[in-house]
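Novice:
There are 2 protein chains.
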Amino acid sequence: MILGEVTGARCVQPSPAARSALRPIPAARVSIHDGFWGERLRVNRERTIPHGFAQLLRAGNLDNLRLAAGAAGTYRADADSGGSLLPFLDSDVYKWLEAAGWELGRGDDPGLRSSADEAIAVLARAQRPDGYLNSFVEAVHGGRPYTDLPWGHEFYCAGHLVQAAVAWHRALGDDRLLTIAVRAVDHIDREFGAGGRDGIDGHPGIEMALAELARTTGEDRHLALAARMLDLRGRGSLGAGRFGAAYWQDHEPVRYAAEVAGHSVRQLYLDCGAVDVAVELGDEELLAAARRRWHDMVRTRRYLTGGLGSRHRDEAFGDPYELPPDRAYAETCAAIASVMLSWRLLLATGEPCHADAIERAVYNGVLSGLSRSGTEFFYVNPLQRRTHRTFEPAGHGRRMPWQSCACCPPNLMRLLSSWQQYLATGDDAGIQLHQYAPALVRTSVAGGEAELEVRTGYPWDGRVDVRVARTPDHPWTLSLRVPRWCGSATLSVAGGAPVEVAAGVADRTRAWRPGDEVVLRLDMPVRRTEPDPRVDAVRGCVALERGPLVYCVESADLPGSAELEDLRLDPAREPLASPRPELGDGAVGVDVPVAGGGTVPAVPYHCWGNRGAGGMRVWLPR
Amino acid sequence: MILGEVTGARCVQPSPAARSALRPIPAARVSIHDGFWGERLRVNRERTIPHGFAQLLRAGNLDNLRLAAGAAGTYRADADSGGSLLPFLDSDVYKWLEAAGWELGRGDDPGLRSSADEAIAVLARAQRPDGYLNSFVEAVHGGRPYTDLPWGHEFYCAGHLVQAAVAWHRALGDDRLLTIAVRAVDHIDREFGAGGRDGIDGHPGIEMALAELARTTGEDRHLALAARMLDLRGRGSLGAGRFGAAYWQDHEPVRYAAEVAGHSVRQLYLDCGAVDVAVELGDEELLAAARRRWHDMVRTRRYLTGGLGSRHRDEAFGDPYELPPDRAYAETCAAIASVMLSWRLLLATGEPCHADAIERAVYNGVLSGLSRSGTEFFYVNPLQRRTHRTFEPAGHGRRMPWQSCACCPPNLMRLLSSWQQYLATGDDAGIQLHQYAPALVRTSVAGGEAELEVRTGYPWDGRVDVRVARTPDHPWTLSLRVPRWCGSATLSVAGGAPVEVAAGVADRTRAWRPGDEVVLRLDMPVRRTEPDPRVDAVRGCVALERGPLVYCVESADLPGSAELEDLRLDPAREPLASPRPELGDGAVGVDVPVAGGGTVPAVPYHCWGNRGAGGMRVWLPR
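Quick mapping for you: the protein sequence lines, in order, are chains R and L.
Residue numbers for the first sequence follow our numbering, so the first one is 52 and each next one is one higher.
Residue numbers for the second sequence follow our numbering, so the first one is 52 and each next one is one higher.
So, in structure tokens, the structure goes:
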């Protein structure tokens, strides 16, 4: 049944025939060994992922699956969802398993392996003989599948199962999950496949998983089912629900909708699937629609932090330019989903704007969701928190060790455990570096194997040294992304003089020699960023950025009597970078000149909220 | 059982012993005969109230009660609440009946009377022999009362029944509803009264109704039950629900909470009850707490339009100064509830700030909820609507003939049907005019009957002529509110020279003679209003006001190619008033000078959205 072979792990793996401008490099061929990302990947592996398994045990996610496997007990879901039981708790187990799979691929860990084995064994037992697998339906809903497509999240959960299974297959050659996943998908396919019942899930996500499954199994029917589900969406079959048909992107056909709409994570997961299916089928119209939506989103609906989703009520994109900093929803999952989508579009098109977007999201709105300790999380990532708040339910403004709807924590885990895959792509033509970290990158180019050694203090420092450690004689092209935020960059090659390079991609084609050094220097002054004049909510304010990082002022850093809400930037004086070693090796803060004299310190946005609940703001009034 | 007697209708009627600075005048002794309010009251009587009854029939509210009375069928509630059946639909019938009661008190109408008789007869049949009455519990919930206090709205519905019953008793001397209401309250009292089960409703509202019932029946137990419910709230008995304990004001005791919090309408209805109970029991601490919360709310959480509630997700007050214009929730019911609360505080304290607040709310955030036709409604009243919106579910940005949660329309009806009661108060010391409309006001002062004849083009024109039509010889005091918005006002008495009067109350004590004329002149230039610098969402903008009216620019008034979102006020030129007769007799618009030359017209905020869905903004960037 499994036709694909273990060709090296990639979290997105276009088939050889796919229309893909760039080709991902297998995870095992890129390693991050130090610096900003080295530390974060270490914390993810040593603290966040084990913490996640403990929380899944504590919160009942595994016990719910044990119920489906026949154990006695009651389905558990935290109560703060207004009394209704959350039906998608299995997906958190799957996301955790995906993270564990990537992580074990990076290096064995007996404790992690044993936790994962436990979870996989429960899944195998929970799956019904007919292949169906969903703890909520089996334990609560009387075992009747597919009776509540709008809210039931059954395909959504199955999609996450598939993604975990694909990761285990690719990273470890372990097909226990893949066997389960294929049987679960077959159950769906029998009822909803070509000629069957027309049905889509209220929460997209399965589409990209099915495309990845097809890439893994070589089975056309998996891709066909994904394409069918994309075609069926936008016909109103889900009804208006509480929030209107756009909430689940069922208001316009996926291949025609010009703008992102509705629930942000739903839209972004959907468009991941649209891109995956489009590149596999050569469906230019579908790809063009996803690209158009992406550009519209980045232009009119994205927060400076890369956060997405302006509304709490329906976790939705707002209208164009509706970007309130205080009520930003900016769910951690939406920022992660945007990385997943931007990565797919980067592969499909090769356009560096997508790598820029990954950078903005990851360094700001994604990492803000995770505490420095690695064991506390934000679900919502606002750009402003007032110091004085009347009353706040648990989990608002304060990082929490887990959440009753805990979609974000394991999503962070799986992104970080596969993060090295986002650094570079490679093919016969050469190697493309998209993100910068101290790393080794190996891949084959025309003529043979090449290996790059990257040294950098990024994101604190803008110098990136790339040493060609190994290369064939045959010429190939080394491409380096010059971020859009950078106003002045130079590149020097093999001891040559530095040459100005423009934002976009700087590439050099030559017959490289081992030991050749390429130095990219990205000028990193503190930038004062003006908002788009159509963003009403931050008119008259500026934000401070440096390199890929957005900064913020926290009330914890203000002198005793000062109030964050009264702070005004002094536009006559320059904000300046200053070392903040307590935030990490080489870390840099900003000294913000304020009206009335003196300065107040600003910290990178992703560091906020690590000192208890307090005020914070990104956009500072002038 | 009914100890009170028909002493003249008042919608709030403090007992003779209550600590009340001012005394309401019976409805029948104030009549509005023309002008701005004359037209609106006519539309309410002739169009809105009959439309309301038809909608209650269409939507199933009366049929639900018929189910409770034994008819066959299924409980009906519109589906857009996410599948859950709304349990509070009876309250819309009660609010409509309250409006009908006040309206019949203003003059008979056979059609209206027959509709009301039909509804009352259904209620009499739906009430169980033990007094319990609630269509949802009887028809859906298996008839088990009080099993879901947080969300069931049973006391809330009973409270609205009581308020309707009190109106019918006071306005018409008709006690059919009062008999039903007392039996329903007794059912609650038996289970939850002193010595019984501790229990409060997730939605306050019954407290003020019980106080009014006590004022009507003279039964101490009704007041004691209200006081008991106020004392029980704030102890966390409702749990955290989806939105935290503050959502239903159960986070802090009512007599201690310093700030408004949670669901706006819940907080405001609760504080109405707190004031009613406090003045009846002489509970200074409770009154002081409600006053403190009111002042905090007006200072930090009220929109310029008098709208209240900054958040869609939980229909809640936000943090202090969190006042986004686009995502303002500003439910019509919250503005109405603020009028109810401000009226109680005006009676209790005599302070004109409360009458100012009534004025701001009614002329802006309340009337905006009702179309000029009288038959279409806004539930949410934002201060900005972008021209371009990706997708909008039905009812957003467009007035609707009814709503699936139709609390606001009958709330508007009952406020308008009793509006003349808010114009004036009177006691032995004299007469206090709080709101201005062409009206006759009769009341007894020390020494005998007095009658005032008010002529004015308010709110379009700032001149108010008050003629003393009848007066005893004995001196008494005539007080006129000088609105806070007014920078320059004069008063002339009985042909005397105009004298400058300051904002607040201008009063004159003398032995009035029939035919004496008092002329209040309120200067009404167009004002450019700057926001509080702490309101982040409208920094760099100004609003335009004239008299009590807030103005807005609608995209419908812009020349072809101009976009509302690009509009900038030209601060170098004055905005000027200009006639807009199509908006009513004497109506005044504002010509707004804009950058690039020329002007665009602004209309009173309460008139917006009467030309289909389009863009609108109150706060204009400079």
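Note that beta-carbon positions come from the ideal geometry of N, C-alpha and C, so glycine has one too.
Considering R/Ile83, what are the terminal residues of the beta strand (DSSP E) in which it resides?
Specialist: Position 32 of the first sequence holds residue 83 of chain R. Residues Val81 to Ile83.
Novice: Check whether the region 554-567 of chain R and the region 587-605 of chain R touch, using three or more Cβ-Cβ pairs below 8 Å as the test.
Specialist: no
Novice: With respect to the beta strand (DSSP E) encompassing R/Gly477, which residues constitute its N-terminal and C-terminal limits?
Specialist: What you label residue 477 of chain R is simply residue 426 of the first sequence in a count that begins at 1. Run containing R/Gly477: Ala475 to Asp478, per the beta strand (DSSP E) assignment.
Novice: Counting pairs of Cβ atoms below 8 Å between the region 404-418 of chain R and the region 363-372 of chain R, do you hit three or more?
Specialist: no
Novice: Report all residues from its chain with a CB closer than 6 Å to the CB of L/Arg70; omit the five preceding and five following residues, and keep chain order.
Specialist: Position 19 of the second sequence, counted from the start, is the residue given in the question as residue 70 of chain L. Around L/Arg70: Val330 and Gly333.
Novice: Tell me, please, whether the CB atom of R/Pro582 is closer than 8 Å to any CB atom in chain L?
Specialist: Along the first sequence, read from residue 1 onward, the residue named residue 582 of chain R stands at position 531. By this cut-off, R/Pro582 is not an interface position.
Novice: Compute the Euclidean distance between the alpha carbons of L/Gly111 and L/Tyr430, then round it to the nearest angstrom.
Specialist: Taking the second sequence and counting its residues from 1, one reaches residue 111 of chain L at position 60. Taking the second sequence and counting its residues from 1, one reaches residue 430 of chain L at position 379. Each residue's Cα considered, the two are about 20 Å apart.
Novice: Given that R/Gln435 touches chain L, what residues does it touch there, using C-beta distances under 8 Å?
Specialist: Residue 435 of chain R sits at position 384 when you count from the first residue of the first sequence. The contacting residues are Asp587.
Novice: Can you check which of these residues, R/Asp159, R/Val311 and R/Val593, is closest to R/Ala385 by C-alpha distance?
Specialist: Walking along the first sequence from the start, residue 385 of chain R turns up at place 334. R/Ala385 has its Cα closest to that of R/Val311, out of R/Asp159, R/Val311 and R/Val593.
Novice: Roughly how many angstroms lie between the CA atoms of L/Met280 and L/His238, to the nearest whole one?
Specialist: For the purposes of this step, residue 280 of chain L is identified with residue 229 of the second sequence, where counting begins at 1. For the purposes of this step, residue 238 of chain L is identified with residue 187 of the second sequence, where counting begins at 1. Approximately 15 Å, taken between the alpha carbons.
Novice: Mind checking L/Gly247: buried by the 16 CB within 10 Å criterion, or exposed?
Specialist: One-based indexing of the second sequence puts residue 247 of chain L at position 196. The residue is exposed, with fewer than 16 neighbouring Cβ atoms inside 10 Å.
Novice: Drop a sphere of 10 angstroms on the beta-carbon of R/Thr99, count the other beta-carbons inside from all chains shown, and report buried for 16 or more, exposed for fewer.
Specialist: What you label residue 99 of chain R is simply residue 48 of the first sequence in a count that begins at 1. Result: buried.
Novice: Could you give the DSSP three-state label for R/Met464: helix, strand or coil?
Specialist: Working through the first sequence from its first residue, we reach residue 464 of chain R at position 413. In this structure, R/Met464 counts as helix in the three-state DSSP scheme.
Novice: Apart from the five residues just before and just after L/Ile83, which ones in its own chain have a Cβ nearer than 7 Å to its Cβ?
Specialist: Counted from its first residue, the second sequence places residue 83 of chain L at position 32. So the list reads Gly89, Leu92, Gln471, Ala488, Pro489 and Ala490, once near-sequence residues are dropped.
Novice: Mind listing the chain R neighbours of L/Arg440? Cutoff is C-beta to C-beta under 7 Å, in chain order.
Specialist: In the second sequence, counting from the first residue as 1, residue 440 of chain L sits at position 389. Within 7 Å Cβ-Cβ: Asp370.
Novice: I want to see whether chain R comes within less than 8 Å of L/Asp516, judged by CB atoms only; does it?
Specialist: Position 465 of the second sequence holds residue 516 of chain L. It does not: the Cβ of L/Asp516 has no partner Cβ on chain R nearer than 8 Å.
Novice: Closer than 7 Å between beta carbons: that is the criterion. Which residues of the region 612-631 of chain L meet it against chain R?
Specialist: Closer than 7 Å at the C-beta level to chain R, one finds these residues of the region 612-631 of chain L: Glu616.
Novice: What does the alpha-carbon distance come out to for the pair L/Val593 and R/Cys208?
Specialist: Here residue 593 of chain L refers to the residue found at position 542 when the second sequence is read from its first residue. Here residue 208 of chain R refers to the residue found at position 157 when the first sequence is read from its first residue. Those two C-alpha atoms are separated by around 49 Å.
Novice: Is there a Cβ from chain L that is less than 8 Å from the Cβ of R/Gly660?
Specialist: In the first sequence, the residue the question calls residue 660 of chain R occupies position 609. No, no contact with chain L.
Novice: Using the three-state DSSP reduction, which class does L/Asp131 fall into: helix, strand or coil?
Specialist: Within the second sequence, residue 131 of chain L is the residue found at index 80, counting from 1. Interpretation of L/Asp131 is limited by its pLDDT of 49, a score under 50 that renders its predicted location unreliable; no figure is taken from the coordinates.
Novice: Alpha carbons only, please: which of L/Glu382, L/Val349 and L/Glu410 is nearest the one belonging to L/Pro510?
Specialist: As a working mapping, residue 510 of chain L is identified with position 459 in the second sequence. Nearest to L/Pro510 by C-alpha distance, out of L/Glu382, L/Val349 and L/Glu410, is L/Glu410.
Novice: With 16 other CB atoms within 10 Å as the buried threshold, where does L/Asp587 fall?
Specialist: On the second sequence, position 536 is the one that residue 587 of chain L refers to. Buried is the call here.
Novice: If you scan the region 328-353 of chain R from start to end, which runs of the alpha helix (DSSP H) of 4 or more residues do you find wholly inside it?
Specialist: 335-351
Novice: By alpha-carbon positions, which one of R/Val326, R/Trp219 and R/Leu573 ends up nearest to R/Thr507?
Specialist: Your numbering for residue 507 of chain R matches position 456 in the first sequence. Comparing Cα positions, the closest option is R/Leu573.
Novice: Taking L/His273 as the reference, which of L/Ala235, L/Gly285 and L/Arg306 has the closest Cα?
Specialist: Mapped onto the second sequence, residue 273 of chain L falls at position 222. Of the candidates L/Ala235, L/Gly285 and L/Arg306, the one whose C-alpha sits nearest the C-alpha of L/His273 is L/Ala235.
Novice: Check the Cβ of L/Pro375 against every Cβ in chain R and list those closer than 7 Å, keeping chain order.
Specialist: One-based indexing of the second sequence puts residue 375 of chain L at position 324. Chain R residues near L/Pro375: Pro375, Arg378 and Ala588.
Novice: Report buried or exposed for L/His346, applying the criterion of at least 16 other Cβ atoms within 10 angstroms of its Cβ.
Specialist: Locating residue 346 of chain L in the second sequence gives position 295, counting from the first residue. Exposed, because fewer than 16 other Cβ atoms sit within 10 Å of the Cβ of L/His346.
Novice: Against chain R, with Cβ distances strictly below 8 Å, would L/Gly665 count as a contact?
Specialist: For the purposes of this step, residue 665 of chain L is taken as residue 614 along the second sequence, with counting starting at 1. It does not: the Cβ of L/Gly665 has no partner Cβ on chain R nearer than 8 Å.
Novice: Cβ closer than 7 Å: which chain R residues qualify as neighbours of L/Pro672?
Specialist: Here residue 672 of chain L corresponds to residue number 621 of the second sequence, with the count starting at 1. Within chain R, the residues near L/Pro672 are Arg590.
Novice: Would L/His363 count as contacting chain R if we go by Cβ distances under 8 Å?
Specialist: The residue you call residue 363 of chain L lines up with position 312 of the second sequence. Chain R contact via Cβ: present.
Novice: Using the Cβ count rule (16 or more neighbours within 10 Å means buried), how would you classify L/His302?
Specialist: Locating residue 302 of chain L in the second sequence gives position 251, where the first residue counts as 1. With 16 or more other Cβ atoms within 10 Å, it is buried.
Novice: Closest to L/Val28 by C-alpha separation, out of L/Arg631, L/Ala260, L/Glu633 and L/Gly448, would be which residue?
Specialist: Chain L is shown only over 52 to 673; residue 28 of chain L falls outside these bounds and no answer can be derived.
Novice: Three-state secondary structure (DSSP) at L/Ile76?
Specialist: In the second sequence, residue 76 of chain L corresponds to position 25, counting from 1. Of the three classes helix, strand and coil, the one that applies to L/Ile76 here is coil, per DSSP.
Novice: Is DSSP giving R/Trp527 helix, strand or coil here?
Specialist: Translated into the one-based positions of the first sequence, residue 527 of chain R becomes position 476. In this structure, R/Trp527 counts as strand in the three-state DSSP scheme.
Novice: Pair every Cβ in the region 648-655 of chain L with every Cβ in the region 604-623 of chain L, then say whether three or more of these pairs are closer than 8 Å.
Specialist: Verdict: yes, contact present.
Novice: Could you check the C-alpha separation between R/Val305 and L/Leu418 for me, to the nearest Å?
Specialist: On the first sequence, residue 305 of chain R is found 254 positions in, with the first residue counted as 1. On the second sequence, residue 418 of chain L is found 367 positions in, with the first residue counted as 1. Straight-line Cα distance between these residues: approximately 41 Å.
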